[in-house]
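The structure appears right after this line, and notes come after that.
In our numbering, the protein residues as written are 983 to 1242.
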């Protein structure tokens, strides 16, 4: 998924303003920091629609500075961004893609609509017609990959948080399985199932208190979001997933690779 750094500052009228250095068209406001950041994802999606309509490449996110707030684009929308960018690079119009896929134009419009819950296999088909394929992967950082215990199922204990505090033992194989399952559920648009997996993932890793610090959301609100009675909002779940992923030093991404 694409994670964009943002600039969060207090406006002259007392509200909070969020801007995206990489995408100047995206701005959001809120009565407080949490609301401004929550609205930022909607602003980012609206800006992406502008790039799609103008047939311009959507800028990739730059690296966030330590402690800088970020907004994570859901994996499905990231896949659509990569598809639209590839079409721009190759000079392939919607009508041509429709012809290659043997689809009608309204179907292509939905495929390139950031707010439409398209099927991932259709996006993969579109990449295939562009001579590419979509690959979802996990790039585990050296401190995971170099630890022999990561492959044996023994607890990983050498990790440190940004504050250099000793972390609790983490069963990496189980954690990776939860990450994989949560990612699959995000891509398929299943918020109820994704919420339950995320709850297990948080309990198995960062914990709700630390997650509250990372997301700038009250711990009680996070518990409510991930409870059986909570509202399974995919934007909120994506924010939680991104925070857990970053905390684990795991980069989960969607990439386009050349077809063999």
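Glycine included, every Cβ here is placed at the ideal spot set by N, Cα and C.
Keep in mind the model is a prediction, meaning the values are calculated, not measured.
Nearest neighbour of residue 1016 by Cα position, chosen from 1077, 1196 and 1112, turns out to be 1196. Under the criterion of beta carbons closer than 8 Å, residue 998 and residue 1011 qualify as touching, at roughly 7 Å. Inclusion of residue 1070 and residue 1038 in the CB contact set at 8 Å is warranted, their separation being smaller than that value. Going by DSSP, residue 987 is part of the beta strand (DSSP E) stretching over 985-987. Spatial neighbours of residue 1188 in its own chain (CB-CB distance under 6 Å, excluding positions within 5 residues in sequence) are listed in chain order as 1226 and 1229.
With three or more CB-CB distances shorter than 8 Å, the stretch 1071-1081 counts as touching the stretch 1099-1115. Put simply, the backbone Cα of residue 1088 is about 36 Å away from that of residue 1160. When the alpha-carbon of residue 1220 is set against those of 1040, 1158, 1009 and 1172, the nearest one is in 1172. Secondary-structure assignment with DSSP links residue 998 through a beta bridge to 992 and 1012. In the displayed model, residue 1188 falls within coil according to three-state DSSP, outside both helix and strand. The three-state secondary structure of residue 1115, taken from DSSP, is strand. In the three-state DSSP reduction, residue 1063 falls in the helix class (H, G or I). If you draw a straight line from the Cα of residue 1050 to the Cα of residue 1108, it comes to about 35 Å. Separation of the CB atoms of residue 1040 and residue 1067 is rounded to 6 Å, and the pair is thereby assigned contact status at 8 Å.
In chain order, 998, 999, 1000, 1015, 1018, 1019 and 1051 place their CB closer than 8 Å to the CB of residue 990, counting only its own chain and leaving out the 5 sequence neighbours on each side. Taking a 10 Å sphere around the C-beta of residue 1099, we find fewer than 16 other C-beta atoms and assign the residue as exposed.
With fewer than 16 other Cβ atoms inside 10 Å of its own Cβ, residue 995 counts as exposed. Distance from the CA of residue 1032 to the CA of residue 1181, rounded to the nearest whole angstrom, comes to 35 Å. From the listed residues 1179, 1013, 985 and 1007, the smallest Cα separation to residue 993 is found for 1013.
The C-beta of residue 1192 has 16 or more other C-beta atoms within 10 Å across all chains shown, which makes the residue buried. Annotation for residue 1184: 1190, 1193, 1204, 1208, 1222 and 1226 place their beta carbon closer than 8 Å to its own, counting only its chain and skipping 5 residues before and after. With contacts defined as CB atoms closer than 8 Å, residue 1055 and residue 983 qualify as a contacting pair. For residue 1053, the three-state secondary structure derived from DSSP is strand. Close CB contacts of residue 1082 within its chain, under the 7 Å cut and outside five residues either way in sequence, are with 1111 (chain order). 1076 is the residue among 1043, 1044, 1047 and 1076 whose C-alpha sits nearest the C-alpha of residue 1034. With respect to the C-alpha of residue 1092, the residue from 1078, 1062, 1053 and 1084 having the closest C-alpha is 1062.
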